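Data block below; observations after.
Numbering (our numbering), first residue to last: 19 to 720.
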């Protein structure tokens, strides 16, 4: 069977929706291990850098209902080779504020939390070093960026081209520390059956966690099972192993019972990563017609003392626009902070805020419409790799978005439109995200009654994978949707990489399609195209990246158009309308795809206007570590959002032409808001978020 058009593209309602609405879809905390559960609570360091000099658990151990208090003195020794902050309770050294220094295991969560307060801990500590700046003498170049990108790239004579350019921009943009904050807090429930560990866990891919558990406890692959069929959001924070998984397994081993460790919202600000802050200097040079002659994008960001996390912030600059002279660099500072991690579209999200803001500033300097400026700088080939595009429709996104938004006739002048007390402006920004495919395995079982079981260890983190994968499987096997039983979210199932990097559906769906082809081939060759009465089992895989990845440049593209209104008296910002247009390959489910695009864009608006983890440099901690003070966008901030995508078939990216859509919605969105804010007020805020106090600061009143 070759046709893939029966269900793919349809707006099928979420198959898991009824279970979630009724509360019968079990998340990690809601699993039933078949026995009473005990609970873990933790003592966290109150210093950023130092050493424990006294740790007395006696009072906590004496409390009724306390089963154990784990400290570096009595905790089981973990295996060598664990990275970052995973060697939990293995040392008296403290590397960041919030680090776990002791853990209480008790009969109830209330007892465990009460006992935490009875553990006495004293430290010898140095002053916290948590302030990032671009002039630190200890900045260094990492050997490689995340996802394998080169640290720096240089083509041509950038400084010479800038010196002779007809129009230039030289500006520094900054983004703050941000935290992922999914709705479901990180939770791990662990049980040991002799030497076999079962972990019910909130993560973005069970197989991602298994290897670290094997290393920590000296286990073989068959001795570890990680289960996570339903996950309540992640945004990258659940992609890798964190201390909660290790500690839950450790505690269960010590007390010989099933234990659960659910992080509090406050603990998620120190124990499960964050988006690194950035300082980005962008320099652009253009000729008299607005065609770029030079691009320079220099990034400074932080990492922690105990691991190196080098976010690929300037890599989108390497592909978005043409220019003969180009430079991107990344430098890190090791600070006394918790280990950073990925957060939705890591790198591209902060990087495109800077680049797309600078492009807007260049358009103003050159007197060119910002949409037209972007179109004039469209590259025919990947400008750094010098290979063709597998498909590229950024210009079509810009033109379609401009038409849908009503961009024509826009006044280039800033700060001249009013509606009562509101200053009104519009802005635009481009979006891009790479299209990739990872290794994945799949097992398909055909039953004699015409039912099919499709098994693959993918994870649905709220994106609609339960539904989209079932659609793909039904089309690939040529059957109705109801004939498919999908099994995902369990490390005992065939291997699949995690849900992240917009690779999930592209990888898992490709594995299903290729395995289904093997099924049809076997049925044709052995059974005359019919399913035998005793069924058939076929295992297949997709081996990894597309074989075309070296010879073609593969990316999704998009364009955001927004209207911003700013209260002239209070600096309050509203976003009454927006249009986003995407070229992202095959869209598997129109309903869930719109949800993903909408969610990504809204998260970009949230980044532009609200999100900021504020560090107290004196004491080294995040002072707004809860959702009461870490603000995110709500319905009051955003009005009508028009989501649209172009029909696009890309034969090179993977078997289905899927480019991935989880991340591209957020890329460029913050810049579109910032550009519209400038158009409304004439004030250029280059340090996110754009809060009311910065309105008065730019006016010279703050």
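We treat Cβ as the ideally placed atom computed from N, Cα and C, and that holds for glycine.
For clarity, every value in this text was computed on a predicted model and none was experimentally measured.
Three-state secondary structure (DSSP) at residue i?
i, result
"residue 596", "strand"
"residue 655", "coil"
"residue 603", "strand"
"residue 273", "helix"
"residue 73", "strand"
"residue 666", "coil"
"residue 296", "strand"
"residue 440", "strand"
"residue 20", "Because the pLDDT at residue 20 is just 41, under 50, the model does not fix this residue reliably, and the point stays unresolved."
"residue 425", "coil"
"residue 464", "strand"
"residue 52", "coil"
"residue 475", "coil"
"residue 286", "helix"
"residue 431", "coil"
"residue 633", "strand"
"residue 543", "helix"
To which residues of the same chain is residue i closer than 6 angstroms at the C-beta, ignoring the five residues directly before and after it?
i, result
"residue 176", "312, 314, 343, 345"
"residue 334", "366, 369, 370, 450"
"residue 557", "461"
"residue 555", "463"
"residue 420", "389"
"residue 170", "347"
"residue 53", "276"
"residue 618", "683, 684"
"residue 649", "628"
For residue i, does the count of other Cβ atoms within 10 angstroms reach 16, so buried, or fall short, so exposed?
i, result
"residue 630", "buried"
"residue 142", "exposed"
"residue 146", "buried"
"residue 641", "exposed"
"residue 704", "buried"
"residue 82", "exposed"
"residue 243", "buried"
"residue 356", "buried"
"residue 151", "exposed"
"residue 269", "buried"
"residue 607", "buried"
"residue 736", "No statement about residue 736 is possible, as the shown extent of the chain runs from 19 to 720 and does not include it."
"residue 221", "buried"
"residue 548", "exposed"
"residue 719", "exposed"
"residue 20", "Bear in mind that the predicted position of residue 20 carries a pLDDT of just 41, short of 50, making it too unreliable to give a figure here."
Does the distance from the C-beta atom of residue i to that of residue j stay below 8 angstroms?
i, j, result
"residue 626", "residue 688", "yes"
"residue 479", "residue 249", "yes"
"residue 483", "residue 502", "no"
"residue 416", "residue 30", "no"
"residue 121", "residue 104", "no"
"residue 364", "residue 621", "no"
"residue 358", "residue 321", "yes"
"residue 123", "residue 130", "yes"
"residue 186", "residue 281", "no"
"residue 237", "residue 215", "yes"
"residue 361", "residue 453", "no"
"residue 486", "residue 396", "no"
"residue 192", "residue 115", "no"
"residue 219", "residue 246", "yes"
"residue 676", "residue 523", "yes"
"residue 196", "residue 292", "yes"
"residue 724", "residue 328", "Outside the shown range of the chain, which is 19 to 720, sits residue 724, and nothing can be said about it."
Please check if any C-beta of chain E sits within less than 8 angstroms of the C-beta of residue i.
i, result
"residue 601", "Of the chains in the structure shown, none is chain E; there is only one protein chain."
Regarding residue i and the ligand COA, is the C-beta to nearest heavy atom distance less than 7 angstroms?
i, result
"residue 571", "Ligands displayed in this structure: none; no statement on the ligand COA is therefore possible."
What residues in its chain sit with their C-beta under 7 angstroms from that of residue i, if we drop five residues either side in the sequence?
i, result
"residue 99", "233"
"residue 536", "556, 558"
"residue 469", "501, 503"
"residue 409", "666, 668"
"residue 46", "205, 206, 207, 218, 219, 220, 246"
Within the same chain, show all residues whose beta-carbon is closer than 8 angstroms to that of residue i, passing over the 5 residues directly before and after it, in chain order.
i, result
"residue 374", "447, 448, 686, 689, 690, 693"
"residue 662", "418, 419, 422, 597, 598, 599, 600"
The stretch 253-273 in contact with the stretch 80-93 per 3-pair CB rule at 8 angstroms: yes
The stretch 652-662 touching the stretch 705-713, judged by at least three CB pairs closer than 8 angstroms: The stretch 652-662, when compared against the stretch 705-713, does not touch it at the 8 angstroms Cβ threshold.
Please confirm if the stretch 661-680 is in contact with the stretch 345-355, defined as three or more CB-CB distances below 8 angstroms between the two stretches. no
So does the stretch 376-384 actually touch the stretch 269-276, counting three or more Cβ pairs closer than 8 angstroms? no
Is it true that the stretch 682-701 meets the stretch 574-582, where meeting means three or more beta-carbon pairs spaced less than 8 angstroms apart? yes
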